[in-house]
Amino acid sequence: MKTLKATLAVFLSLSIFIATPGIAFAANTSPHPDIPTDSRYAKAYQEDQETIAEINRNLPQLLAEGQEAAQHDAKAGEPVLLANSLGTYGDILVSTLIDSGSVAFTGHAAIVSSSSSTTIESYAQNWSPINKDGVQKYSNNWGSKSGAFLVRPYGASSAQFSSAAGYAASQVGKGYNWNFFDKNRTDKFYCSQLVWRA
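Under mature numbering (1 follows the signal peptide of the UniProt record, and there is no 0), the residues of the sequence shown are numbered -26 to -1, 1 to 172, in order.
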């Protein structure tokens, strides 16, 4: 249980760290106008890689503890409708093996919509499975994705899960946020920013 909480804390801390506001200087050049190109990326990338390596080392234990905790949470008895889907409304889905276009950082996050057959995700267009930029609805096939797992905040109520799913769905159509140091904007989202805000 402590490890599950620690894992969730690591992911939330990582998303907050990655999204810390920053300043890009005019002398820097960038392939995209929203991407700051200073040395923060090198340090953040190294820390991201170390966190991912630690999670992968501890994954079997984390999964076992998560399965135990899931038997006692607010949504323990709810059915999952599709064999390839993972989670139910408002659940957080995370993979260290999927890239959503975050340039230097690896991994991807999504949230299950009000229907367990659908997820809300934010991809850069070139990485999007449906070739659309930003926040979109996707078929929930996370149950068949390698390295994917469910993160369910401990103690969250059904109403909070429902609210998170609703918030994410209301962002569909907004663009991809290329500035990973600006988590506070709400006109564009990167994948973990969308999940964090929801």
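We put the CB at the ideal spot given by N, CA and C, even for glycine.
For residue i, the residue or residues it bridges with in DSSP
| i | result |
| --- | --- |
| Ile66 | Ile85, Val125 |
| Gly149 | Lys162 |
| Ser96 | Val109 |
Nearest-angstrom Cα separation, counted from residue j out to residue i
| i | j | result |
| --- | --- | --- |
| Ala98 | Arg171 | 18 angstroms |
| Gln35 | Ala84 | 22 angstroms |
| residue 176 | Ala139 | Since the first and last residues shown for the chain are -26 and 172, residue 176 lies out of range. |
| Ser90 | Ile72 | 20 angstroms |
| Ser137 | Gly64 | 7 angstroms |
| Tyr128 | Val169 | 16 angstroms |
| Arg126 | Ala38 | 14 angstroms |
| Ala130 | Ala27 | 28 angstroms |
| Gln20 | Asn30 | 15 angstroms |
| Arg159 | Ala133 | 25 angstroms |
Given residue i as reference, the closest of the options once Cα atoms are compared
| i | options | result |
| --- | --- | --- |
| Phe163 | Asp107, Ser120, Leu124, Asp22 | Asp107 |
| Ser120 | Asp161, Ala16, Leu33, Lys17 | Leu33 |
| Ser102 | Gly40, Ala143, Tyr128, Gly149 | Gly149 |
| Ser96 | Thr62, Ala38, Asn151, Gln20 | Asn151 |
N- and C-terminal bounds of the alpha helix (DSSP H) containing residue i
| i | result |
| --- | --- |
| Ser137 | 132 to 144 |
| Lys167 | Residue 167 is actually Gln in this sequence, not Lys. Unbroken alpha helix (DSSP H) run through Gln167: 165 to 171. |
Delimiting residues of the beta strand (DSSP E) encompassing residue i
| i | result |
| --- | --- |
| Lys111 | 108 to 113 |
Close-in-space but distant-in-sequence residues of the same chain around residue i (CB under 7 angstroms, 5 per side omitted)
| i | result |
| --- | --- |
| Leu60 | Leu67, Asn114, Trp116, Gly117, Ala122, Leu124 |
| Ser69 | Gly81, His82, Lys119, Gly121, Ala122 |
Cβ neighbours of residue i in the same chain (closer than 8 angstroms, five flanking residues each side left out)
| i | result |
| --- | --- |
| Val146 | Ile94, Val109, Gln110, Lys111 |
| Thr92 | Val86, Lys111, Tyr112, Ser113, Asn114 |
| Ile104 | Gln110, Tyr112 |
Same chain, Cβ closer than 6 angstroms to residue i, five either side skipped, listed in chain order
| i | result |
| --- | --- |
| Tyr141 | Ala172 |
| Asn58 | Asn115, Gly117, Ser118 |
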